[in-house]
């Protein structure tokens, strides 16, 4: 077990194994997203209340899921880096952050656009949107903190600590925002809390969620491989690799 | 109890450049070890690593033959570190500054000892002035008074002679030698040339500047 | 199929602007991140190749013996 | 002379000395204690000027205004929490003492709260009068601020510790810390709101207390780890 963890932590080994895994995740992401999109956009029945505007759910919910999961992944990677000094974990955390922020933005944007036909306004202080907005600021904080240090080791460790502090706070923030929302807007219709969805509606949603997760894994593998090359550019195996490629 | 600080295969990389590599050190009681090297050769970094402040390095540290990770508390209880910045609060008087250091070190509160320590660095009459009103050299002397006040076997001193006048330099040099004779040990960087003695050893850094991959 | 014609599909029952805006931005961001990741990887590999060529050039012009000892140094490191 | 030392269990002495030292330091730089209070009063003055002097409108937004302004005022003094110790080298001495660093950091945070959060809480009712805050909510305002600002000091100290080594840490500090302040703000302002409406406030105060308990049990370790990172440069 220990040997395995440390082997996984070796950038060279990770570089090799991720090269084999990566294509599968790209294929899975492409297939799932294409099927999910077609099903969600063209085949799923329209919602009896919202009509076709409800089809935004197929990008809004996967993006929102991913936005939260990426932050948790970042914190877990940071923890692994801090405890076992596995640098690949930190590289992955660094590469995830921009995608997480992008997904948070997608969730916010699609939520806001969805608001126009539903609430008749571009922005509503809806509990989910407000939590997403706060999450976006948390992402900005982690990215900015990492960029502010000159020493790479300090940057990595500071970003790890902040991600861990953030991940402890996310449930607290979510809970308090939900509470605040129910207090101020008791009976407003919430776009995503729908009790019973027929199978033709939730199946494409599930496929889209899986597709987004595959996309996240594939992209993170790819960018972590790039980051390995960047940070290990002076190592012998990377130089040899560069020689082979040329 | 003996006194031994060891480093094995110490290596430190900064900005894709090795400051030092494969550095083995063995520092014993009764020694004055002077770390030498040009500017930017990693003297301060080495002292920070050896005093347990920096974690970003490769290699192992041992304190009395135990890995540093496990004896850190014990190590810190035996260490007195003086960095580039004197660590003297400008708004506090020298006496108040020392009182905090005494408590921080776990020593009993002892005002006469603080007066005596300040007297030993030539600060009689300045005990109750805010340290901000003292000169740079005098502030440095307040920091040096800790050497007298807080009995610790291992001294790690980064440029302790900065801003000190000639008499002060001589007194400090004498203090270092006396500490080594008593069985303490001193790790020091300085541009000031220390007088040769059997206790004095030198570590030279900065032949490197090598490419990090080599 | 929930729509009768292509125009009905594009109109989305009058909500076309909103649906397509949300989907479009999402798609653009996904494609954009992939393009960025590919460009990043290509630039890095180009940079590495340049370094490798420079190192070869450097090694060829310098003393053979030192370059051999460098190689050994590498081997011990890894 | 026995030179070799066993670690001594005198953390209490060190904590007391650090408390005393920081209190003395702050009392000698009184302007640093007064600045957040003046800032608080100024911000509260701006709102009636910027919005409207209508007492009813002001009363409606007073709980949130007072809380937000107090939160920003507390944030203002956060950057200096470790900054001067970092600049003059006492921070590295603090880190090298054989005492538990989380406890020493907690002592510093306690002083920050005593001289920032607590005065702000005591001053808030005065400003409440200026905003025609309805009677019956003044005690809750002060109490919720006193309780909440302790959490703010603890959470903020993590950010201050992370940014103390950076030359331009101030703006970044607010970016890191403000999102984490939101739960405290929600329940703090909520408590005052509930008091105005005549609802029970004990639930709000209990949650503020719970937040403080969580912050107290986790933040000192995060602050200590962050200080160790910052001292590395």
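Chains as they are written, first to last, in the numbering used here: chain A, 1344 to 1589; chain B, 56 to 269; chain C, 44 to 121; chain D, 51 to 283.
Note that CB positions come from ideal geometry on N, CA and C, so glycine has one too.
- Separation of the CB atoms of residue 159 of chain B and residue 276 of chain D is rounded to 20 Å, and the pair is thereby denied contact status at 8 Å.
- Rounded to whole angstroms, the gap between the alpha carbons of residue 195 of chain D and residue 1506 of chain A is 27 Å.
- Bridge partners of residue 1394 of chain A according to DSSP: A/1390.
- Separation of residue 71 of chain C and residue 78 of chain C (C-alpha to C-alpha, rounded to the nearest whole angstrom) is 10 Å.
- Contact residues of the region 92 to 112 of chain B toward chain A are 111 (C-beta to C-beta distance below 7 Å).
- Within chain D, the residues whose beta carbon sits less than 8 Å from that of residue 1504 of chain A are 208, 212, 272, 275, 276 and 279, listed in sequence order.
- Our two residues, residue 1407 of chain A and residue 142 of chain D, have alpha carbons roughly 42 Å apart in a direct line.
- In the structure shown, residue 1493 of chain A falls within a coil segment according to DSSP collapsed to helix, strand and coil.
- Rounded to the nearest angstrom, the gap between the Cα atoms of residue 133 of chain B and residue 237 of chain B is 15 Å.
- From the listed residues A/1584, A/1555, A/1564 and A/1580, the smallest Cα separation to residue 1374 of chain A is found for A/1555.
- Here residue 99 of chain B carries a helix assignment [DSSP, helix/strand/coil].
- If only uninterrupted alpha helix (DSSP H) runs of at least 4 residues are considered, those enclosed by the region 62 to 120 of chain D are 80 to 100.
- Going by C-alpha positions, residue 113 of chain D is about 6 Å away from residue 239 of chain D.
- When DSSP states are grouped into helix, strand and coil, residue 250 of chain B belongs to the coil group.
- Judged by DSSP in its simplified three-state form, residue 1468 of chain A adopts coil rather than helix or strand.
- In the DSSP assignment, residue 115 of chain B falls within the beta strand (DSSP E) that extends over 113 to 118.
- Under the Cβ distance rule, residue 1471 of chain A does not count among the residues neighbouring chain C, no pair being separated by less than 8 Å.
- Among the residues of chain A, those whose CB is under 7 Å from the CB of residue 71 of chain B are 1577, following chain order.
- Residues of chain B with a Cβ closer than 7 Å to the Cβ of residue 1496 of chain A are, in chain order, 111.
- The Cβ of residue 210 of chain B sits no closer than 8 Å to any Cβ of chain D.
- Under the Cβ criterion of 8 Å, residue 1361 of chain A is not counted among the residues facing chain C.
- Restricting attention to D/233, D/90 and D/227, the CA atom closest to the CA of residue 1516 of chain A is found in D/233.
- For residue 118 of chain D, the closest C-alpha among the options D/254, D/158 and D/191 is that of D/191.
- Annotation for residue 62 of chain B: the continuous beta strand (DSSP E) segment containing it runs 59 to 69.
- One alpha carbon belongs to residue 153 of chain B, the other to residue 147 of chain B, and they sit about 10 Å apart.
- Residue D/127 holds the alpha-carbon nearest to the alpha-carbon of residue 167 of chain D among D/127, D/78 and D/152.
- When B/145, B/126, B/156 and B/216 are compared, the shortest CA-CA separation from residue 244 of chain B is found for B/216.
- Identification of chain D residues near residue 1491 of chain A by a Cβ-Cβ cut-off of 7 Å yields 216 and 222, ordered along the chain.
- The DSSP-derived three-state label of residue 244 of chain B is strand.
- For residue 68 of chain C, the residues of chain A that pass the 9 Å Cβ criterion are 1402, 1448, 1449, 1452, 1453 and 1456, in the order they occur in the chain.
- Within the model, the alpha-carbon separation for residue 106 of chain B versus residue 132 of chain D is close to 21 Å.
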